[in-house]
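K.L.:
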Amino acid sequence: MSLIEARGIVKVYQTGDVGLRALDGVSFAIERGEFVSIMGHSGSGKSTMMNILGCLDVPDEGEYELDGRSVGGLSGDDRARIRNTTIGFVFQGFNLLPRATALENVELPLVYARVPARERRPRALAALERVGLSERTSHRPNQLSGGQQQRVAIARALVGETPLILADEPTGNLDTATSTEIMELFTSLNRADKTIVLVTHEPDVAAYSSRTIRFQDGRVIADERGASRV
Amino acid sequence: MFELLRTAIRSLASNKARSLLTMLGIIIGVAAVIAMVAIGAGASRSIQQFISGVGANILIIMPGAPSVGGVRQQAGSGATLTTEDAEALRDEAWTLAGVAPEVFGRVQLVYGSMNWSTMVTGSTEDIFSIREWRIDEGRFFFDEEARSGAKVVVIGATVAKNLFGEESAVGKVIRVRNAPVEVIGVLAAKGQTPWGQDQDDTAFVPFATAQRSLFRRGIANSVQRITVAAVDGDSIPEAEREVSAILRQRRRLEDGEESDFDVRNMAEMLDAAAQSTRVMSLLLGAVASVSLLVGGIGIMNIMLVSVTERTREIGIRMAIGARGSDIRTQFLLEALLLSVAGGILGIGLGASASRVITSLLGWPTVISAGSVVLAFVFSALVGVFFGFYPAWKASLLNPIEALRYE
Numbered sequence: 002m003s004l005i006e007a008r009g010i011v012k013v014y015q016t017g018d019v020g021l022r023a024l025d026g027v028s029f030a031i032e033r034g035e036f037v038s039i040m041g042h043s044g045s046g047k048s049t050m051m052n053i054l055g056c057l058d059v060p061d062e063g064e065y066e067l068d069g070r071s072v073g074g075l076s077g078d079d080r081a082r083i084r085n086t087t088i089g090f091v092f093q094g095f096n097l098l099p100r101a102t103a104l105e106n107v108e109l110p111l112v113y114a115r116v117p118a119r120e121r122r123p124r125a126l127a128a129l130e131r132v133g134l135s136e137r138t139s140h141r142p143n144q145l146s147g148g149q150q151q152r153v154a155i156a157r158a159l160v161g162e163t164p165l166i167l168a169d170e171p172t173g174n175l176d177t178a179t180s181t182e183i184m185e186l187f188t189s190l191n192r193a194d195k196t197i198v199l200v201t202h203e204p205d206v207a208a209y210s211s212r213t214i215r216f217q218d219g220r221v222i223a224d225e226r227g228a229s230r231v
Numbered sequence: 046m047f048e049l050l051r052t053a054i055r056s057l058a059s060n061k062a063r064s065l066l067t068m069l070g071i072i073i074g075v076a077a078v079i080a081m082v083a084i085g086a087g088a089s090r091s092i093q094q095f096i097s098g099v100g101a102n103i104l105i106i107m108p109g110a111p112s113v114g115g116v117r118q119q120a121g122s123g124a125t126l127t128t129e130d131a132e133a134l135r136d137e138a139w140t141l142a143g144v145a146p147e148v149f150g151r152v153q154l155v156y157g158s159m160n161w162s163t164m165v166t167g168s169t170e171d172i173f174s175i176r177e178w179r180i181d182e183g184r185f186f187f188d189e190e191a192r193s194g195a196k197v198v199v200i201g202a203t204v205a206k207n208l209f210g211e212e213s214a215v216g217k218v219i220r221v222r223n224a225p226v227e228v229i230g231v232l233a234a235k236g237q238t239p240w241g242q243d244q245d246d247t248a249f250v251p252f253a254t255a256q257r258s259l260f261r262r263g264i265a266n267s268v269q270r271i272t273v274a275a276v277d278g279d280s281i282p283e284a285e286r287e288v289s290a291i292l293r294q295r296r297r298l299e300d301g302e303e304s305d306f307d308v309r310n311m312a313e314m315l316d317a318a319a320q321s322t323r324v325m326s327l328l329l330g331a332v333a334s335v336s337l338l339v340g341g342i343g344i345m346n347i348m349l350v351s352v353t354e355r356t357r358e359i360g361i362r363m364a365i366g367a368r369g370s371d372i373r374t375q376f377l378l379e380a381l382l383l384s385v386a387g388g389i390l391g392i393g394l395g396a397s398a399s400r401v402i403t404s405l406l407g408w409p410t411v412i413s414a415g416s417v418v419l420a421f422v423f424s425a426l427v428g429v430f431f432g433f434y435p436a437w438k439a440s441l442l443n444p445i446e447a448l449r450y451e
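In the order they appear, the protein sequences are chains R and A.
Okay, so the first sequence: first residue is 2 according to our numbering, each after it adds one.
Okay, so the second sequence: first residue is 46 according to our numbering, each after it adds one.
(1) Leaving out the 5 sequence neighbours to the left and right, which residues in its chain are closer than 7 Å to THR254(A) when beta-carbon positions are compared?
(2) Along the chain, where does the beta strand (DSSP E) containing SER168(A) start, and where does it finish?
(3) Could you tell me the distance, in whole angstroms, from the CA atom of ALA447(A) to the CA atom of ALA439(A)?
(4) Can you have a look at TRP139(A) and say buried or exposed, based on whether 16 or more other CB atoms are within 10 angstroms of its CB?
(5) Tell me which residues of the stretch 24-47 of chain R have at least one Cβ-Cβ distance to chain A shorter than 9 Å, keeping chain order.
(6) Ignoring anything shorter than 3 residues, give me the beta strand (DSSP E) runs that lie fully in the stretch 247-285 of chain A, in order along the chain.
(7) CB ALA62(A) to CB ALA398(A), shorter than 7 Å?
(8) Return the chain-ordered list of same chain residues with a C-beta closer than 8 Å to the C-beta of ASP136(A), the five sequence neighbours on each side being excluded.
(9) For the stretch 354-382 of chain A, list every residue whose C-beta sits within 9 Å of some C-beta in chain R, in sequence order.
(10) Chain D beta carbons: is any one of them nearer than 7 Å to that of ARG55(A)?
(11) Rounded to the nearest angstrom, what separates ALA133(A) and ILE291(A) at their Cα positions?
(12) Do PRO142(R) and LEU97(R) have their C-beta atoms within less than 7 Å of each other?
(13) From ARG131(R) to GLY77(R), what distance separates their C-alpha atoms?
(14) For ARG179(A), count the other beta carbons within 10 Å of its own beta carbon; 16 or more makes it buried, fewer makes it exposed. Which is it?
(15) To the nearest angstrom, report how far apart MET107(A) and THR322(A) are at their CA atoms.
(16) CA-CA distance, ASN102(A) and VAL144(A)?
(17) What residues of chain A sit near TYR113(R), judged by a beta carbon separation below 8 Å?
(18) Against chain R, does SER59(A) count as a neighbour if the rule is that its beta carbon must be under 7 Å from one of theirs?
(19) Using a beta-carbon distance below 7 Å, is ASP58(R) in contact with chain A?
(20) Which residues, in chain order, does the stretch 52-82 of chain R contribute to contact with chain A at a C-beta distance below 8 Å?
(21) Closest Cβ-Cβ distance between LEU109(R) and chain A: below 7 Å?
(22) Between which residues of its own chain and TYR434(A) is the CB-CB distance below 7 Å, once the five residues before and five after are set aside?
(23) Give me the residue from PHE376(A), GLU287(A) and ARG90(A) with the minimum Cα distance to TRP408(A).
(24) At 8 Å on the CB atoms, spell out the chain A contacts of ILE127(R), in chain order.
(25) Is the stretch 276-296 of chain A close to the stretch 224-231 of chain A, with three or more CB pairs under 8 Å?
(26) Is GLY63(R) closer than 7 Å to GLY9(R) when the C-beta atoms are compared?
(27) State yes or no: is the beta carbon of ILE445(A) nearer than 7 Å to at least one beta carbon in chain R?
(28) Taking 7 Å as the cut-off, decide whether the C-beta atoms of VAL11(R) and ASP58(R) are in contact.
(29) So the beta strand (DSSP E) ILE359(A) belongs to, where does it begin and stop?
(30) Which same chain residues end up closer than 7 Å to ARG33(R) when comparing Cβ atoms and leaving out the 5 residues on each side of it in sequence?
(31) Please list, in chain order, the residues of the stretch 151-176 of chain R that have any C-beta partner in chain A closer than 9 Å.
(32) Could you give the distance in angstroms between the alpha-carbon of PHE185(A) and the alpha-carbon of ILE200(A)?
(33) Between the Cα of GLY369(A) and the Cα atoms of ARG82(R), THR16(R), GLY73(R) and GLY44(R), which residue gives the shortest distance?
(34) Return the bridge partner residues of ASP224(R) from the DSSP annotation.
(35) Can you give the Cα-Cα distance for GLU162(R) and LEU329(A), rounded to whole angstroms?
(36) Whole angstroms are fine: how far does the CA of LEU126(A) sit from the CA of SER304(A)?
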């Protein structure tokens, strides 16, 4: 059974009288342990697809199965639970809570998973250690560099032991050297059996993945497998 | 739950000035409620104290309003009560603990170069026990003296202070309407009535002394009123009936004939006064509740702003697994915390305001545990009620749009 199975996904945005088909019948499957990059120009539908993969949005038509479960007919609360237990998000803008420390930010998914406080702390510390930030646990986001903030965000995506990491332009706000560090971190996580789906428009970043799905005008125009560069 | 509380405290603390200003409405509302209720409770307690100080079981018998050729005169202006009526009550009534006939008037008292005008009452020894006076210095006069017309006087604390200052009054001779009279006792101070009358500005002389030398009245033996005390609070209605029956019998009044006297119940009069105080503090409390309401609307306003400002934070929380109910609880808790903190500060402010009122204006205030609990619960309810809409709005945000919000 595939981790992600999308069949005939259609998403229409109504702007005035014109319905824009942001996704026009998209189908693909992603197996456990894959490192997939989704590429395309802005407006190609890749962000819309990302929202659907992340259970933040539901398709108008078609079927999306995540970890064997159909997401289509689920309520908002059920999708929140799936996000919490199945998906770790990494965003372009890091999206950390500005008033919370690194440790508290990493603990947050466990709070919503109703993990008792005693258990949360060691797990969050372990996740921060995995991204190499065990020295910075009590810093607030504005006391950390961009690369460090993204590491905190990755630790937050790791702490819930979810099978899937969804990363939306994770290096978009970072310089080249830091981008390389972050991509190497993703690669090592993928080796440790995490499934990683990454949205990007930079070929350099996509090159780290073992498979590239290209979007154009709401359709998949290419699905290339190849050994990753690293 | 602890985690949620900590998050709420942190987000309120990160914007201290705003949180404080938002709480201000609740603080003022709660403080007003506490102070108003304290003033009302203080007033009704001082009335209670007055009742027990003045004698709660008192009945006052006044001469009726005489009808002269069909024209009704002022109540109490007739000379229809006599010392014989008082003696009959003392001898025949079972339900009375004391009977005191009274004549009184405002009279000038002179001692050396000092003089003071006060209400002088001529009565019998019973008046002291009925009105619950205590002696501070010296003694009361006896019934023997009341009958013989001894030239003695018992004065109130205010009179003693104005005539004698720090000197001891007992044994001194003062002049009352040019008659020399010896001061034999000073009464213990009772303070003011709830309506601000000085109870200690008074003096008592034996009944016969007053009748013969001070107030020469047209009809010998007539009294201005008779004050009696029932044996206890429960027997007041029975005492009222018995007094009426004895006096009507003495006058040989047939059933249906109108009495030429009035029996008044002190407790009822004071109850009416207490009632009006209660109504007053209820009205003030209602006004204060309006300001609580305004405070609640202030909280709602700020919470709505806060939800908008923190749209992105809400989006992040939702993306990593917060359910609508989690978001709702978080914002509701913040509103609750604001209003409860405001409530606690308001209780403190109201309590100190009551103390200031007491020390500046001399109004008695009582802060009851009940009013504190009520104010606390009410402010919590305000928080939940006005916090609900913003919290509910936050919980309905679309995570995608919330994440994109700048």
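Every residue gets a Cβ at the ideal spot worked out from N, C-alpha and C, and that includes glycine.
P.N.:
Let me spell this out:
(1) For THR254(A), where only same-chain residues beyond five positions count, the Cβ hits under 7 Å are GLY167, GLY194, ALA195 and LYS196.
(2) 159-168 is the extent of the beta strand (DSSP E) around SER168(A).
(3) A direct Cα-Cα distance of roughly 10 Å separates ALA447(A) from ALA439(A).
(4) Counting the other CB atoms within 10 Å of its CB gives TRP139(A) a total below 16, which places it among the exposed residues.
(5) The residues in question: there are none.
(6) Qualifying beta strand (DSSP E) stretches, in chain order: 247-251 and 270-275.
(7) Contact: no.
(8) Excluding sequence positions up to five before and after ASP136(A), its CB lies less than 8 Å from no other CB in the same chain.
(9) Those would be ARG357, GLU358, GLY360, ILE361, ARG362, MET363, ALA364, ILE365, GLY366, ALA367, ARG368, GLY369, SER370 and ASP371, in chain order.
(10) This model lacks chain D altogether, as its protein chains are R and A.
(11) About 8 Å.
(12) Cβ atoms of PRO142(R) and LEU97(R): closer than 7 Å.
(13) ARG131(R) and GLY77(R) have their C-alpha atoms spaced approximately 32 Å apart.
(14) The residue is exposed, with fewer than 16 neighbouring Cβ atoms inside 10 Å.
(15) Taking the Cα positions, MET107(A) is about 27 Å away from THR322(A).
(16) Rounded to the nearest angstrom, the two C-alpha atoms are 12 Å apart.
(17) Close to TYR113(R), with beta-carbon spacing below 8 Å, are these residues of chain A in chain order: ARG362, ILE365, GLY366, ALA367, ARG368 and ASP371.
(18) Flagged as an interface residue toward chain R: SER59(A), by a C-beta distance shorter than 7 Å.
(19) Interface with chain A (7 Å Cβ-Cβ cutoff): ASP58(R) is included.
(20) Within the stretch 52-82 of chain R, the residues whose Cβ lies closer than 8 Å to some Cβ of chain A are ASN52, GLY55, LEU57, ASP58, GLY77, ASP78, ALA81 and ARG82, listed in chain order.
(21) Closer than 7 Å: yes.
(22) Within the same chain, MET345 come within 7 Å of TYR434(A) by CB-CB distance, once the 5 residues on both sides are set aside.
(23) Of the candidates PHE376(A), GLU287(A) and ARG90(A), the one whose C-alpha sits nearest the C-alpha of TRP408(A) is ARG90(A).
(24) Looking at the sequence provided, one finds Ala at residue 127(R) rather than Ile. Neighbours of ALA127(R) in chain A, taken as residues whose beta carbon is under 8 Å from its own, are absent, since the nearest beta carbon is some 18 Å off.
(25) Counting C-beta pairs closer than 8 Å gives fewer than three between the stretch 276-296 of chain A and the stretch 224-231 of chain A, which falls short of the contact rule.
(26) Contact flag set, yes.
(27) Chain R, which has a Cβ nearer than 7 Å to the Cβ of ILE445(A), makes this yes.
(28) Contact flag unset, no.
(29) Where ILE359(A) is concerned, there is no enclosing beta strand (DSSP E), although the alpha helix (DSSP H) it sits in stretches over 356-364.
(30) LEU4, PRO164 and THR196.
(31) If the cut-off is 9 Å between Cβ atoms, the stretch 151-176 of chain R has ARG157, ALA158 and GLY161 near chain A.
(32) Rounded to whole angstroms, PHE185(A) to ILE200(A) spans 10 Å at the Cα level.
(33) With distances taken between Cα atoms, GLY369(A) lies closest to ARG82(R).
(34) ASP224(R) is bridged to ILE214(R).
(35) Cα to Cα, the separation comes out at about 60 Å.
(36) Between the alpha carbons of SER304(A) and LEU126(A) lies a distance of about 11 Å.
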